[in-house]
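Encoded as structure tokens, the structure appears first; notes follow it.
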Amino acid sequence: MWVLLLLTVLQAAMTVVQFSGGDSPGGRGVDLLISPAPYAFAIWGVIYLLCVVHAAVAVRKGTAVADQAALVAPLAALYLASASWSVAFTVGNSWLTFAVLAVMVAAALRALRVAMNHPLRSGARRWEARLESFTVGLYCGWVTVAVFVNLASALGDQELADPASAGWQAVVLTCALAAVLAALWLGRGSDGVAVAAVWALAAVVVNVAGQSVLLTVTSGIGIAAVLAMWLRTALAGDNPRRVDIAGATS
């Protein structure tokens, strides 16, 4: 557990490297229509803080899920990849950052599956389970969207697509939405995934407002779809994780 805590601190500390070139933390790639508005990247601060708090709780009490190794392994891989992403960012190669983000998404999805589907440990308190599931979900939801934006950035960097064209970016955004909906299904309507997705899509609307009706409408439909999926899965009466948390010690 101490290793997990150290990795959460490392991933947060490595963000300092991102500013070495003087660019914003939003990325070094081309300006895309589907890039979230700059303010949206402040969510990283929330994610890092939650990760540290969750790891600190895990050091003291263990993870909320009974099978601790099943959750710690993908989280450790996620945090290590996150620290590596900060280094890749300074290189300025969008394909490299995309590759690292792809690893992060794979690790985050695995962690989400464990956090939302594995039984809780005996004695786990309600707030511990909620902290764990929300932290993992928020991280997973955000990087799932980010990997598609990074892919679009790589395509624009290599002049394989026009950064000013809305058509192909609408396709990328639709793919990102499909991935987020899949994550919501995998995470049984994770609140964190829903919050991250709505936050990202709303920031895309802010960024693209007045530039592309297509992307504005696509993002709006995406927000509605995420909320509908969340309501359908999270509030389902047979959702085992909701039942587990409700039955946990307060």
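Quick note, the sequence shown lines up with residues 414 to 663 if you use our numbering. Here a beta-carbon is modelled for each residue, glycine too, at the ideal position from N, C-alpha and C. Bear in mind the structure is a predicted one, so any value in this text is a computation, not a measurement.
In the three-state scheme derived from DSSP, where H, G and I count as helix and E and B as strand, arginine 601 is classed as coil.
Taking every protein chain shown into account, the CB of tryptophan 643 has 16 or more other CB atoms within 10 angstroms, so this residue is buried. Three or more Cβ pairs closer than 8 Å define a contact, and the stretch 550-558 meets that threshold against the stretch 576-596. Exposed is the label assigned to glycine 580, since fewer than 16 other Cβ atoms lie within 10 Å of its Cβ. Taking the Cβ atoms as the reference, valine 639 lies roughly 20 Å from leucine 446, outside the contact range of under 8 Å. In the DSSP annotation of this structure, the continuous segment of the alpha helix (DSSP H) that includes histidine 467 starts and ends at 456-474.
Valine 478 counts as buried, since at least 16 other C-beta atoms from the protein chains shown sit within 10 angstroms of its C-beta. Spanning the alpha carbons of leucine 573 and alanine 565 requires a straight line of approximately 10 Å.
Straight through space, the alpha carbons of glycine 602 and serine 495 are spaced by roughly 24 Å.
For valine 478, DSSP records a beta bridge to Leu533. For serine 632, the three-state secondary structure derived from DSSP is helix. The shortest C-alpha to C-alpha distance from isoleucine 456 to any of Gly623, Leu586, Ala559 and Ala486 is the one to Ala559.
Remark: fewer than three beta-carbon pairs, one from each stretch, lie closer than 8 Å, so the stretch 496-515 and the stretch 540-547 are not flagged as touching. Rounded to the nearest whole angstrom, the CA to CA distance from leucine 420 to alanine 426 is 10 Å.
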